[in-house]
Amino acid sequence: MLELALLLTTPSPAAQAQAWAPNGCAWRDPASAPPQLVCRAPDGEWWDERTPDGFDPHTLARAQAGDLKAMTALGLLYLGHVGYDAHDPAEAYAWLRRAASAGEPLAMSHLAQMYIGGYDGVPDDKAETLRLMRQAAEAGLPSAMFNLGALHTQGEVVEKDPAEASRWFRQAADHGYAPAMRMLGLIALQHDSQDEALRWFQTAIDQGDREAMIELGRLYTLAGGLPRNYAEALRWYRKAADLGDARGQLYVGAMYDEGLGVPADPVEAVRWYRMAADQDLFEACMALHFAYGHGRGVRQDEAEALRWRDRQTNARFMVDSYAWQPYTDAMLDVLADAEAILIPYVKYLEPPEGDPSAE
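Going by our numbering, the letters in the sequence shown line up with residues 832 to 1190, in that order.
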């Protein structure tokens, strides 16, 4: 795998030794001049490099010279996938298409995703989505294998085929892809194979998969094939939350809010909600809107309640909080009552008295 170091000029290399950057970036060799900040793309396949005022010129030069990895790296940068706010779908499409046409699997996979629904001006082309994703999967890209399985699960791009979906999930899992392991766990639950489900979840967790931790917590919360155990659910939510997962932080807050597996503590609930809201999670912003509007865990503050209500506008919904994951629908099939996963959200939808949104 090509590692492309993100070169940044910073004032104090010594201070950077303990520093972490957002979006999966971390300092490497802080004593170097300049220090290197390595950023990992969401699918775990790539790294990238840039300077504070743009792309690293060596990356651009390699891309212009025909380096497929550099082309793909630029495409991901223009999609905003590696911590660089350079949203330019046209540029992303151009670079990914060049790399995909030359046979680069990761470029094929991301280009396929752009064709779904017509991403920011890209034509909606389901046939091209399927063709590119299949090519990337057959070329050995684990994330593409997973996505191909997801397409056969959803049935929007290609006809639903559970057997074909499972086959691709299994191939991705055999390549060590944790989301596929998690999906196989959900499929096992669908067939009442709790032991197999736990084995797959644990395998994914052993690779640090935070969502597998959350799914396991949900199973203990909902008694979805396991005895209901709120304390155990909280333990798994907390593991994900401590790794910085916004959904895990939301759920930990909800457990304290509702007194599930732990004594009710609205103040502690607000602390966890705030962590998740600071990552722009819609449901967490909604929870803080309620908390400040009703004085639950904090002093009642209508202005602060309205601020969090307004912030919901630009926040991310929980199901959209992670990179493209079309298996969400399958999760809803497995857990029929998943809409009531944990929090009785209806109470957050009741505007506090005096809230203009109630009028």
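Yeah, the Cβ is synthetic: ideal placement off N, Cα and C, and Gly gets one too.
Can you tell which of G1079, Q1131 and A1118 has the C-alpha that lies nearest to the C-alpha of R1142? The residue given as residue 1142 occupies position 311 in the sequence shown. When each option's Cα is compared against that of R1142, the closest is A1118.
Beta-carbon separation (whole angstroms), L1112 vs A1085, contact threshold 8 Å: As a working mapping, residue 1112 is identified with position 281 in the sequence shown. As a working mapping, residue 1085 is identified with position 254 in the sequence shown. In fact, because the Cβ distance is near 12 Å, the residues do not count as touching under 8 Å.
Is it a yes or a no for the stretch 966-976 touching the stretch 984-1003, going by three-plus beta-carbon pairs under 8 Å? yes
So is P973 buried or exposed if we call it buried at 16+ other beta carbons inside 10 Å? The residue labelled residue 973 in the question sits at position 142 within the sequence shown. Result: buried.
Which word fits T1144, buried or exposed, when buried means at least 16 other C-beta atoms lie within 10 angstroms of its C-beta? Here residue 1144 corresponds to residue number 313 of the sequence shown, with the count starting at 1. By the neighbour-count rule (16 or more Cβ atoms within 10 Å), T1144 is not buried but exposed.
Anyone know if the C-beta pair for W926 and M964 falls short of 8 Å? Translated into the one-based positions of the sequence shown, residue 926 becomes position 95. Translated into the one-based positions of the sequence shown, residue 964 becomes position 133. For W926 and M964, no; Cβs fall outside 8 Å.
D1005 versus L1081, L1029, A1035 and E990, residue with shortest Cα-Cα distance: Here residue 1005 refers to the residue found at position 174 when the sequence shown is read from its first residue. Ranking the options by Cα distance to D1005, first place goes to A1035.
Please work out which residues of its chain come closer than 6 Å, Cβ to Cβ, to D1009, disregarding the five sequence neighbours upstream and downstream, and give them in chain order. Walking along the sequence shown from the start, residue 1009 turns up at place 178. Before going further, note that residue 1009 is Ala rather than Asp in the sequence given. The residues A1035, Q1038 and D1040, in chain order, have a CB closer than 6 Å to that of A1009 in the same chain once the five nearest residues on each side in sequence are set aside.
For L1015, which of helix, strand or coil comes out of DSSP? Locating residue 1015 in the sequence shown gives position 184, counting from the first residue. Three-state DSSP puts L1015 in a helix.
In or out: S1208 buried (at least 16 other Cβ within 10 Å) or exposed? Residue 1208 lies beyond the residue range present for the chain, which begins at 832 and ends at 1190; the question has no answer from this structure.
Would you kindly work out how many angstroms separate the C-alpha atoms of E1042 and I1018, rounded to a whole number? What you label residue 1042 is simply residue 211 of the sequence shown in a count that begins at 1. What you label residue 1018 is simply residue 187 of the sequence shown in a count that begins at 1. Rounded to whole angstroms, E1042 to I1018 spans 15 Å at the Cα level.
Whole-angstrom distance between A1064 and W1139, CA atom to CA atom: As a working mapping, residue 1139 is identified with position 308 in the sequence shown. As a working mapping, residue 1064 is identified with position 233 in the sequence shown. Their backbone Cα atoms lie some 28 Å apart in a straight line.
From what residue to what residue does the alpha helix (DSSP H) around A785 run? Lying outside 832 to 1190, the shown extent of the chain, residue 785 is not represented and no answer is given.
Buried versus exposed call for P1097 [16 or more other C-beta atoms within 10 Å across all chains shown]: To locate residue 1097, count along the sequence shown from 1; it is residue 266. The residue in question, P1097, is buried, as its Cβ has 16 or more Cβ neighbours within 10 Å.
Taking the alpha-carbon positions, what's the W1067 to G1048 distance? Numbered from its first residue, the sequence shown carries residue 1067 at position 236. Numbered from its first residue, the sequence shown carries residue 1048 at position 217. If you take the alpha carbons of W1067 and G1048, they lie about 5 Å apart.
Span of the alpha helix (DSSP H), counted from its first residue to its last, around H1222: Here the chain comprises residues numbered 832 to 1190, so residue 1222 is not present and cannot be evaluated.
Exposed unless 16 or more other CB atoms sit within 10 angstroms - verdict on R1069: Looking up residue 1069 in the sequence shown gives position 238. The residue is buried, with at least 16 neighbouring Cβ atoms inside 10 Å.
Answer yes or no: do F1032 and R1059 have a C-beta to C-beta separation smaller than 8 Å? In the sequence shown, the residue the question calls residue 1032 occupies position 201. In the sequence shown, the residue the question calls residue 1059 occupies position 228. Not closer than 8 Å, so no.
Could you have a look at E876 and say whether DSSP puts it in helix, strand or coil? Here residue 876 refers to the residue found at position 45 of the sequence shown. For E876, the predicted structure reports a pLDDT of 39, less than 50, and the residue's modelled location is therefore unreliable. A value from the coordinates is still provided. DSSP, reduced to helix, strand and coil, places E876 outside both helices and strands of the structure shown, so it counts as coil.
Which residues in the same chain have their Cβ closer than 6 Å to the Cβ of A943, if we skip the five residues on either side of it in sequence? Against the sequence shown, residue 943 aligns to sequence position 112. So the qualifying residues of the chain are T960, L963 and M964.
Would you decide whether Q1080 is buried or exposed? Buried here means 16 or more other CB atoms lie within 10 Å of its CB. As a working mapping, residue 1080 is identified with position 249 in the sequence shown. With 16 or more other Cβ atoms within 10 Å, it is buried.
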